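Here's the structure we're looking at; comments come further down.
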Amino acid sequence: MTDLEKLAAVAREAVTKAAVACRTVQARLDRVRAATKDDRSPVTVADYASQAIVCHTLEQRLGSAFTGAGMVAEEDAAFLREPANASYLQAALEAAQVVDPELDTERFLSAIAIGGASGGAGDFWTLDPIDGTKGFLRGEQYAIALSYLSAGMPVIGVVGAPNLPRDPTVALDSDQREGSLYVAIAGRGATEGPCLPGASASRRVSPPPPLAGPIRVCASVEKAHSNVSHTDQVIQAVGASPDVLRLDSSAKYVVVARGQAHAYLRLPTRKDYVERIWDHAAGCVVATEAGCVVSDVDGRPLDFAHGRGLEKNRGVVVAHPDAHAKLLPAIAQVLAAS
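When we follow the numbering used here, the leftmost residue of the sequence shown carries the number 1, and every step to the right adds one.
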């Protein structure tokens, strides 16, 4: 087993364990809301539990190889250390202990705090512990996205989508919610399997066949995440299907990677908006290794070497190669006219 294969195996373990904690919180939504007196608290609780489990698992399995590299993650422990937020801390700790009983309060908080690295051009991990917060609250699609970057470029991507049916022909809101896990290593392809701890059954994701028929686009449920008007104009310009597949989180990378949609468009909503690296690094590896093209709206590769944001890019386009070639000119035309 090579070093990258070892890292990917540990990353798979960490994400599938975090998925158990997230499912636990989803099963306790009313209980968590009652304890915290906050309707949005379950996703906050799941965020912290997920980050603690991932960081603790990586630290246990990799030791100084993990702590030396560092983790760029979305959450920090300051909120949970405030006495007024004790109910959040207790609920998150209980969810994490379902899969990691040895976590006590201080170990739990210390694991979360590991995520405070700044990123850059070196080697580090990045994590979005719950990508798709509103999807999580609605009981729909969300993801746990973990990536390892070397020299500032993502080389391992793990996307766990606990509510995503494994069969891409099944509707996203189907009751078949065994969950899907995608693992990719740069230059070595991507695999798909169940989002369950210890599961070994997986299949290689095949490169997409030549595009036949109209492009099908997927986009965010939340309209604030992408310019809806511009997306509609691009769809019309390339003759894409008007039936846009809407879902939350970096699971959109997955549905493009497996051919359920041909493109994911995230068009800029304002000039000063900067995408966060944890939202895109893992999905970028999965989609690329599945034979798709990932770029910004100007056709440039995503540049992860500038800290916690994609400072040198604007927007994101993830697409089947044939669709990508058609979409970029249309996007340029629409943005130039705006």
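In this text, a Cβ means the ideal position worked out from N, Cα and C, and glycines have one as well. What you are looking at is a predicted structure, and each value in this text was computed from that prediction instead of being measured.
Q: Assign I160 to one of three DSSP states: helix, strand, or coil.
A: Checking the sequence shown, residue 160 turns out to be Gly, not Ile. In the structure shown, G160 sits in a strand (DSSP, three-state: E or B).
Q | Sufficient close CB pairs (3 or more, under 8 Å) joining the segment 292–300 to the segment 181–201 | A | In short, these stretches do not touch, since the Cβ pair count stays below three.
(Q) Once the 5 residues before and after A49 are set aside, which same chain residues still bring their CB inside 6 Å of it? (A) Within the same chain, Cβ atoms closer than 6 Å to the Cβ of A49 are found at A21, A92, A95, A96, the five residues on either side in sequence being excluded.
Q | Whole runs of the alpha helix (DSSP H) within the segment 194–265, excluding any shorter than 4 residues | A | Taking only runs of at least 4 residues, the alpha helix (DSSP H) segments lying wholly in the segment 194–265 are 228–238, 251–257.
Q: Please state whether DSSP places F66 in a helix, a strand or coil.
A: F66 falls in the helix class under three-state DSSP.
**Q.** For V297, three-class secondary structure by DSSP
**A.** Looking at V297 - three-state DSSP - the assignment turns out to be coil, as it is neither helix nor strand.
Q: Entirely within the segment 268–336 and at least 3 residues each: give me those beta strand (DSSP E) ranges in chain order.
A: Runs found: 293–295, 316–319.
Q) Quick check: the segment 137–153 against the segment 260–270, are there 3 or more CB pairs under 8 Å? A) No: the two stretches stay apart, fewer than three of their Cβ pairs being nearer than 8 Å.
Q.
Classify G160: buried if its beta carbon has 16 or more other beta carbons within 10 angstroms, exposed otherwise.
A. G160 comes out buried.
Q: Give me whichever residues DSSP pairs with P165 in a beta bridge.
A: Under DSSP, P165 shares a beta bridge with no residue.
Q. What are the boundary residues of the beta strand (DSSP E) that includes I144?
A. Counted as a single uninterrupted DSSP element, the beta strand (DSSP E) harbouring I144 occupies residues 143–150.
Q | 3 or more residues per run - each beta strand (DSSP E) lying fully within the segment 2–84 | A | Taking only runs of at least 3 residues, the beta strand (DSSP E) segments lying wholly in the segment 2–84 are 71–73.
Q | Length of the line joining the Cα atoms of E106 and P42 | A | In a straight line, the C-alpha of E106 is about 21 Å away from that of P42.
**Q.** First through last residue of the beta strand (DSSP E) which encompasses I185
**A.** I185 -> beta strand (DSSP E) spans 180–185.
Q: With a 10 Å radius around its C-beta and 16 neighbouring C-beta atoms as the bar for buried, classify Y88 as buried or exposed.
A: By the 10 Å Cβ count, Y88 comes out buried.
Q) What are the boundary residues of the beta strand (DSSP E) that L172 is part of? A) Counting along the chain, L172 falls outside any beta strand (DSSP E), and DSSP gives it neither H nor E.
(Q) Please list the terminal residues of the continuous beta strand (DSSP E) segment that includes E130. (A) The question names Glu, yet the displayed sequence has Ile at residue 130. Per DSSP, I130 is one residue of the beta strand (DSSP E) stretching across 124–131.
Q. Closest by CA to S202, which one among R12, I215, N313, F124?
A. Nearest of R12, I215, N313, F124 to S202, Cα basis: R12.
Q | Straight-line gap, P162 to K271 (C-alpha atoms, nearest Å) | A | Looking at the backbone, the Cα of P162 and that of K271 are separated by about 33 Å.
Q) What is the C-beta distance between L267 and N313, in whole angstroms, given that I count them as a contact (C-beta under 8 Å)? A) Actually they do not touch by this definition, with Cβ atoms about 12 Å apart.
Q) Tell me, which residues are paired with A190 by DSSP? A) The beta-bridge partner set that DSSP reports for A190 consists of A184.
Q: Give the range of the alpha helix (DSSP H) segment to which A95 is assigned.
A: A95 -> alpha helix (DSSP H) spans 86–97.
Q. Shortest alpha-carbon distance to I235 belongs to which of T24, S206, L247, Q333?
A. The shortest C-alpha separation from I235 is found at Q333.
Q | Stretch pair the segment 25–41 + the segment 175–184: three plus CB contacts closer than 8 Å | A | Too few Cβ pairs lie closer than 8 Å, so no.
Q. Nearest-angstrom Cα distance between Q26 and L164?
A. Roughly 15 Å between the two C-alpha positions.
Q) Rounded to the nearest angstrom, how far is the Cβ of D243 from that of R276, given a contact under 8 Å? A) Distance from D243 to R276 at the Cβ level is roughly 29 Å; contact not present, criterion being Cβ atoms closer than 8 Å.
Q: Specify the secondary structure class of G116 as computed by DSSP and reduced to three states.
A: G116 carries a strand assignment under DSSP once its states are collapsed to helix, strand and coil.
Q: Whole angstroms is fine: what's the gap from P207's alpha carbon to R81's?
A: One alpha carbon belongs to P207, the other to R81, and they sit about 47 Å apart.
Q) Buried or exposed: Y273, going by 16 or more other Cβ atoms within 10 Å of its Cβ? A) Answer is exposed; the Cβ neighbour count stays below 16.
Q: Just tell me which of P168, L247, F136 has its CA closest to the CA of D23.
A: Per the sequence presented here, residue 23 reads as Arg, with Asp not at that position. When each option's Cα is compared against that of R23, the closest is F136.
Q. Quick one, which of E311, D298, L335 has its alpha-carbon nearest H324's?
A. Nearest C-alpha to H324: D298.
Q.
Looking at A14: is its Cβ nearer than 7 Å to the Cβ of T67?
A. With contacts defined by Cβ atoms closer than 7 Å, A14 and T67 do not form a contacting pair.
Q: Taking A218 as the reference, give the member of G115, L211, K252, D173 with the closest Cα.
A: In the sequence as displayed, the identity of residue 218 is Cys instead of Ala. Comparing Cα-Cα distances from C218 to each of G115, L211, K252, D173, the minimum goes to K252.
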